[in-house]
Every structure is written in structure tokens, then in C-alpha cells.
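Working notes, beginning with the structure itself.
In the working numbering, the protein residues as written are 1052 to 1159.
Next comes the structure, spelled out in C-alpha cells:
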């Protein structure tokens, strides 16, 4: 694990630092530099690091999106639990109207 941290520290030390005001005033030029030269920036606010501006690859972005989707997609157990809950609600439901109809009435 330590080599990764060591590499991260080296990478971080090579990043340019830019204040938030400078980023605001020169956003177009800075983003062009990131896009074309793959420059990495540490964004600071009052001298303290608050963000990192990095170039990304489309393939990396797609992989990260797929990973994020996989982590939030409900598992089969969740769907089964929701079906059980739906059955319990159906069992105790006393109105002739649907839940949607009742909510619509309340919103009027």
C-alpha cells in the first residue's frame, strides 16, 4: 500500500496550485490547458487545497459510471423485500381508491 501513497505524494507535488479567484478569472484558459496538455491543478481557497482539477479519459469516465450504477442498482433481495412490503400494504389497505388517487386529492 505504501508505494501507492508514495506515488500519490509525488504526483501531488508536481501539480500546479491555483487559487479559486484565478480559476474563476481564467477558467477557459485553464480548462484548455487541462484538456490539451493534460495539466493537473490543485485548487486552493485562501491558500488551502480544496479540490483537484484533473484531465479524464472517456474510457475511464465510462468505467466509473458503470461502477457507480452497479453500486446503486438494487439487488434481488431489495426487490423481494419491497414485494413483501407491497403485499403487507395490500393486505391492510381499506380504501377503494388507489394511493395515487388519494395523494392527488390531497394535493388539490
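Note that CB positions come from ideal geometry on N, CA and C, so glycine has one too.
Query                                                                                                                                          : Result
So, with DSSP's three-state summary, where would you put residue 1095?                                                                         : strand
Cutting at 8 Å between CB atoms, please list the residues of its own chain near residue 1108, excluding the five before and the five after it. : none
Short check: CB of residue 1123 to CB of residue 1104, under 8 Å?                                                                              : no
Quick check on this structure: which residue in 1093, 1150 and 1079 has the alpha carbon closest to the alpha carbon of residue 1064?          : 1093
From residue 1119 to residue 1080, what does the alpha carbon distance come to, in whole angstroms?                                            : 31 Å
Give the range of the alpha helix (DSSP H) segment to which residue 1153 is assigned.                                                          : 1150–1157
Do you know how far the Cα of residue 1070 is from the Cα of residue 1097?                                                                     : 7 Å
Residue 1089 to residue 1137, Cα distance in whole Å?                                                                                          : 52 Å
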